[in-house]
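Here is the structure we will look at.
Numbering (the working numbering), first residue to last: 446 to 767.
Structure follows, in structure tokens:
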């Protein structure tokens, strides 16, 4: 029966592959952590404590993400159901049939994108979360190469599919469990600067392209720029000076501060501080990114406060995460 809605099989395939990829990459990342062999040294007890601490944070992150994403899906399905012809409602009662029809006719990804840039108050949360994501990806690119973290691509891919805190916490655990190592690395300075500028520009114009055909391509490009962080760092030679993650963070931190100050100014032109606070719960999509930002910040703080004894593996001057 025709339901009068455009059919998008590519969107449906992307949606279902998205779910499978998230589950598969989560399993691969956890398997990688389980396969690591922590060194038998004087820090064994501290390693176990830190592993348990960050494992608990990972569970909190995953559960929070799952709940918020489920809310996104339920809201999308509910709104889609309201647009259905009454004749279709009477003829199709099977849940699986309706879910499949929803997946090929809904505009889930676009609705998510429109929701997070709908107004300036919401976008404060979203902008800060996306800037933190860039910082974490930069950190993983540098420290992952320097410490020779196994399956680094899996952590990066997971950070593209899910909000950042889950991959961030799993990466911390990988650093804790990784044997000592300090490989010299080389960061491509010019491409790195270009990626940062393009990413920042994309974030700065996102609210201006809301409701236009440019929004989804912009979102896709910014995701690809995050993935580029994996390609900008290469293992160098022994003679090369090691580039610390903290050094690479400085430009992004400065630009992030400028963008956040600008966004706060724009938001206060239209909204009160109370509006900005309540924007976190104004839509499940915003809650997904905003709550994840909070967990990411808490995880970063916990990482910064971790025992200096770990400096044999993770130097105290390079434990910058967001």
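Ideal Cβ positions, reconstructed from N, Cα and C, are used throughout, including at glycine.
Asked: For residue 697 and residue 735, what's the separation of their Cα atoms in angstroms?; Found: 20 Å
Asked: Could you name each continuous beta strand (DSSP E) segment of 3 residues or more that falls completely within the segment 628–652, going from the start of the chain to the end?; Found: 630–632
Asked: Could you check the C-alpha separation between residue 723 and residue 547 for me, to the nearest Å?; Found: 30 Å
Asked: For the beta strand (DSSP E) that contains residue 678, what are its first and last residues?; Found: 678–680
Asked: I'd like the ranges of any alpha helix (DSSP H) spanning at least 4 consecutive residues and lying wholly in the segment 492–532.; Found: none
Asked: Considering only C-alpha positions, which residue in the set 573, 571 and 600 is nearest to residue 584?; Found: 600
Asked: On the criterion of 16 or more Cβ atoms from any shown chain inside 10 Å, does residue 519 qualify as buried, or is it exposed?; Found: exposed
Asked: Just the Cα atoms here: how many angstroms apart are residue 679 and residue 630?; Found: 6 Å
Asked: Looking at residue 578 and residue 604, is the spacing between their C-beta atoms short of 8 Å?; Found: yes
Asked: How far does the alpha helix (DSSP H) with residue 548 in it reach, from first residue to last?; Found: 540–550
Asked: With hydrogens ignored, establish whether the beta-carbon of residue 607 is closer than 7 Å to any heavy atom of the ligand SAH.; Found: Of the ligands one can find in the structure shown there are none, so the ligand SAH has no counterpart to examine.
Asked: Excluding the 5 residues flanking residue 728 on each side, which residues of the same chain have their C-beta closer than 6 Å to its C-beta?; Found: 560
Asked: Compare the beta carbon distance of residue 595 and residue 484 with 8 Å and say whether it is the shorter of the two.; Found: no
Asked: Excluding the 5 residues flanking residue 638 on each side, which residues of the same chain have their C-beta closer than 8 Å to its C-beta?; Found: 696
Asked: If you run the structure through DSSP and keep just helix, strand and coil, what is residue 595?; Found: coil
Asked: Would you identify the three-state DSSP class for residue 720, choosing helix, strand or coil?; Found: helix
Asked: Which residues bound the alpha helix (DSSP H) around residue 741?; Found: 729–749
Asked: Nearest CA to the CA of residue 665: which residue from 452, 498, 557 and 451?; Found: 557
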